[in-house]
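I have placed the structure first, in the form of structure tokens, so that the comments after it can refer back to it.
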Amino acid sequence: MLRLALGVTIIVPMPVGTVRMESKSTDTLEPLVVRRSRLRAFVTAVVAAVLAVAAVWFAFNAETGLERLFAVSMAIFFGFAAALAALSGFERTPVIEVDEEGIVDRGSPVRVGRLRWEEVKRVEAKVVGRQPILAILVYRPQRFVVDLPPDRREVAEEAIQRHGTPIVIPWSGFDRRIEDVVERAEAFRRVYQERRK
């Protein structure tokens, strides 16, 4: 595509097999913000609400006290699940932010906050079982574990043994694809490394 004076644009087709090279400077890279998916939260809320209504109907039509007790407990459980899912749909705090300074982590068990690019070895997507995870590999991973409460420290140490990092985020229910996050993070990291040379 060529832009000429007076706002005239000419589209020039590229030959088959050519690749357009783009400059990967931070001027062309947009920061990436990942939040929990509203759609998934609201679908979960609707399903839980339907199950709660069905449990209430079953409670009114139950023949024995034990059936009624079970139905009431299910109505309460699904009612709470619907309320929590609906509330999580309104939560817009970013889980991950990727920009020219580094990555902000609010989704891993460690929740380290801001990680500067000099602390990050690489960012990669893995699959454990059928669950995709985002692993942010860092230099000296044990330093992120030291100040954690005992329960979270145990989870973080297990993550270091399994993945080489305590910063592991199970990828489920987010509004961005894991591949997009890895691609953008690695692009920012490469730009940072080139600037240091």
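Every position in the sequence shown, counted from 1, becomes a number in the numbering used here once 185 is added.
Ideal placement from N, C-alpha and C gives every residue a C-beta, glycine not left out.
Check	Outcome
Glu207 (DSSP reduced to helix, strand or coil)	Per-residue confidence for Glu207 stands at a pLDDT of 44, beneath the threshold of 50, marking its modelled position as unreliable; no derived number is given.
Cα-Cα separation between Ala388 and Leu236, rounded to whole angstroms	There is simply no residue 388 to check, as the chain begins at 186 and stops at 382 in what is shown.
Boundaries (first-last residue) of the beta strand (DSSP E) holding Leu300	298-301
Nearest candidate by alpha-carbon position, reference Phe359, set Gly274, Ala239, Glu252	Gly274
8 Å Cβ cutoff met for Ala163 and Ala230	Since the first residue shown for the chain is 186 and the last is 382, residue 163 is missing from the structure and cannot be characterised.
CB-CB length for Val289 against Arg277, believed under 8 Å	That belief does not hold up - the Cβ atoms of Val289 and Arg277 are roughly 15 Å apart, past 8 Å.
Spatial distance of Glu248 from Arg315 (CA atoms)	42 Å
CA nearest to the CA of Arg374, picked from Lys306, Asp332, Lys382	Lys306
Coil, strand or helix - Glu248 by DSSP	coil
Three-state class that DSSP yields for Gln378 in the structure shown	helix
Distance between Leu269 and Arg253 (C-alpha atoms, nearest Å)	24 Å
Arg225 at chain D interface by Cβ criterion, 8 Å	This model lacks chain D altogether; it includes just one protein chain.
Sub-8 Å separation of Ser258 and Ile352 beta-carbons	no
CA-to-CA distance, Glu285 to Thr213, given in whole angstroms	11 Å
Selection from Leu272, Leu217, Glu282, Phe245 that minimises the alpha carbon distance to Val228	Leu272
Three-state class that DSSP yields for Val218 in the structure shown	strand
Cβ pair Val219, Val280 closer than 8 Å	yes
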